[in-house]
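See structure below.
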Amino acid sequence: MVGVRADNDLVAAIEQAYRDDYGRFLRLAAAMLGDVDAGRDAVQETFARGLRERQKLRHDDRLKGWLWRTLVNVCLSEKRRRTAPVPEFQTNGHAEDWPEVRAAIAALPERQRLVLFLRHYADLDYRGIAEAAGIERGTVAATLHAAHHKIQEAMTEVTL
Amino acid sequence: MSEREITTLLDRIAPDVEGETGDWEDVLRRGGLDRHERHPLRQWGLALVAAAIAAAGLALGVTAPWQSGPSVLEQAAAAISAPGPGQILEERIVIQSHVRVPGPRIFHVGVWLDGAPPHRYRATLDRPLLDSLGRAEYGGMLGRPGGFSYSATDKALDPQGLAALRQADLDPAAFIRDAITSGRAKVEGTSTLHGRRVRQILLTSESSAGLARYLVDAKTYRPVRVSLIAGPLDAYRVGFPFLDVTFAGGISQMQFGPTTGPYALVCDFVEYRYLPRTASNRKLADIRAMHPHAPVL
């Protein structure tokens with residue numbers, strides 16, 4: 001059912017989403033941008049955009065889906081905007097850990113990497129992934145499977 | 001490899017954002033919805049508070065010794081700088097070295113400090129250049145020399161000749177307070193870091209060979225970031241946090257830079273908070289309680 005929400009309710013709903021899921025939004029953004037600082041900015045911009053454009057959301061009962069999709073778009077725009085090469089996958093400071101897996105993730109096609117992050121860092125189901133990534137729901141499983149396969153191959157090389 | 005195993009693997013290399021809660025006020029500002037603007041009556045209230053603060057600041061100017069211009073905000077900084085007897089201070093810091101040396105340049109430090117006597121403290125330090133030793137811990141009591149180290153590999157407590165530390169050696173907020181009261185600090189104004197309003201406080205050593213910029217939360221004055229450029233001695237004077245601890249037990253293996261310096265470090269405070277002094281939180285500041293079965297060498 002599509003609901004028409006009052007302005008205050010909308011702001012409250014956006015704030016609630018922020019407080020409930022900030023960590024997941026940040027993990028996704030930091031992974032996409034290869035930089036936690038840039039990830040924080042992307043999350044802030046996403047929710048600020050949600051506030052600025054909330055009138056569009058009055059008739060949209062899929063607020064979180066809109067926020068995830070917007071975060072993905074903000075991150076992709078930021079990556080395109082940067083002139084310097086963006087590290088594909090900067091993490092928690094132990095960059096020497098699992099180099100093969102990192103290399104495998106960095107080598108994934110952008111869509112596979114995005115779907116992988118949406119699944120494992122944003123913890124979205126297939127419907128949510130499709131919505132956030134702007135792809136057909138039916139292609140999510142195959143894309144994810146391909147990404148998993150490449151990581152498995154990398155791990156096999158590690159253990160051989 | 002199952003999906004669960006891949007999730008576990010990705011978790012291990014995930015961006016470390018645990019414990020972060022964001023800054024909703026910043027979102028409101030960026031989104032054009034400053035809460036204060038939405039409540040005109042509250043604005044009047046804030047104006048009255050601001051006037052009261054300004055008046056109090058003028059009053060303080062008569063007697064306060066602070067070089068950077070006395071203000072109620074500085075007084076507030078001093079007021080929050082010590083954990084109370086019912087609290088445990090918890091700090092988690094990521095230190096990045098910007099001096100080119102072999103090996104890792106990012107280090108993780110954790111500190112717990114008990115606000116009640118005898119003011120036990122414990123610090124955890126990673127030692128990436130000595131992986132075989134694993135994570136190291138040091139612990140003792142403020143104002144008393146000695147203490148213990150604990151290595152995850154040895155699983156034993158080793159008595160150490162740690163210096164008698166002051167609170168300011170472990171707590172940057174206390175260090176800032178001391179620097180302000182002794183006139184070595186200058187408040188530079190406010191700026192934004194990662195969407196967070198921060199106040200900049202500049203410290204220079206007597207020789208001017210060391211310089212540190214402390215960024216503290218503009219409201220709470222809790223540390224957000226310390227950036228430092230200094231040689232080893234000047235690093236002490238501008239308050240490189242935890243220097244005593246990090247060097248006490250051979251932790252110079254962290255190799256922030258050449259032993260003769262200079263250092264160029266950025267210390268980000270991922271966590272700086274006061275925990276209630278429950279039994280389990282008290283243990284965090286007590287190295288012996290954390291390892292009750294470890295033999296003392």
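For the record, the sequence lines run as chains W and C. Quick note on numbering: the first sequence equals residues 1 to 160 in the numbering used here. Quick note on numbering: the second sequence equals residues 1 to 297 in the numbering used here. Backbone N, C-alpha and C fix where the C-beta goes; we use that ideal spot for every residue, glycine too.
| Query | Result |
| --- | --- |
| Among W/R27, W/K64, W/A17 and W/H148, which residue has its Cα nearest to the Cα of W/A122? | W/R27 |
| Does any residue of chain W bring its CB to less than 8 Å from the CB of C/P223? | no |
| Specify, as a first and last residue, the run of the beta strand (DSSP E) that C/R120 falls within. | R120 to L125 |
| Taking just the CA atoms, how far does C/R225 sit from C/F269? | 6 Å |
| Give the secondary structure of W/C141 by DSSP, where H, G and I count as helix, E and B as strand, and everything else as coil. | In the sequence under discussion, the amino acid at residue 141 of chain W is Ala, which differs from the Cys named in the question. In this structure, W/A141 counts as helix in the three-state DSSP scheme. |
| Hey, W/L108 and W/R54: beta-carbon distance below 8 Å or not? | no |
| Do C/G143 and C/L162 come within 8 Å of each other at the CB atom, strictly closer than that value? | no |
| Any Cβ of chain W within less than 8 Å of the Cβ of C/I17? | The question names Ile, but residue 17 of chain C is Val in the sequence shown. So, interface residue. |
| Quick one: is C/L318 buried, meaning 16 or more other Cβ sit within 10 Å of its Cβ, or exposed? | Given a span of 1 to 297 for chain C in the structure shown, any question on residue 318 of chain C remains unanswerable. |
| Using 8 Å as the limit for Cβ to Cβ distance, is W/Q112 near chain C? | no |
| Using the beta-carbon of each residue, which ones in chain C are nearer than 8 Å to W/R81? | Within 8 Å Cβ-Cβ: nothing; W/R81 doesn't reach chain C, min ~17 Å. |
| Give the DSSP-derived three-state secondary structure of C/T190 in the structure shown. | strand |
| Below 6 Å CB to CB, which residues in the same chain sit around W/Y18 once its five sequence neighbours on both sides are set aside? | F47 |
| Over what stretch of residues does the beta strand (DSSP E) that includes C/A136 continue unbroken? | A136 to M141 |
| Applying the criterion that 16 or more other CB atoms from any shown protein chain within 10 Å of the CB defines a buried residue, is W/E45 buried or exposed? | buried |
| Which value, in whole angstroms, describes the spacing of the CA atoms of W/A29 and W/A106? | 15 Å |
| Have a look at C/D286, C/G195, C/K283 and C/T153 and flag the residue whose alpha-carbon is nearest the alpha-carbon of C/G31. | C/G195 |
| May I have the straight-line CA-CA distance separating W/L63 from W/L57, to the nearest angstrom? | 7 Å |
| Pairing CB atoms from the stretch 110-130 of chain C with CB atoms from the stretch 274-294 of chain C, are three or more of them under 8 Å? | yes |
| Can you tell me the Cα-Cα spacing of C/V109 and C/S280, whole angstroms? | 20 Å |
| Would you check if the distance between the CB atom of W/Q112 and the CB atom of W/A141 is smaller than 8 Å? | no |
| DSSP puts C/G110 in a beta bridge; with which residues? | C/R92 and C/T124 |
| To the nearest angstrom, report how far apart W/E153 and W/I135 are at their CA atoms. | 25 Å |
| Between W/V36 and chain C, is any beta-carbon pair separated by less than 8 Å? | yes |
| Give the range of the alpha helix (DSSP H) segment to which W/R19 is assigned. | D7 to L33 |
| Quick one: measure Cβ to Cβ for C/P15 and W/V36, integer angstroms, because I've assumed they're closer than 8 Å. | 5 Å |
| Go to W/P109, then tell me how far its alpha helix (DSSP H) extends in each direction, as first and last residue. | Counting along the chain, W/P109 falls outside any alpha helix (DSSP H), and DSSP gives it neither H nor E. |
| If we ignore side chains and look at the alpha-carbon of each, how far apart do C/H119 and C/I6 end up? | 43 Å |
| Who are the neighbours of C/R30 on chain W, taking C-beta pairs under 9 Å? | Q44, E45, F47, A48, R49, L51 and R52 |
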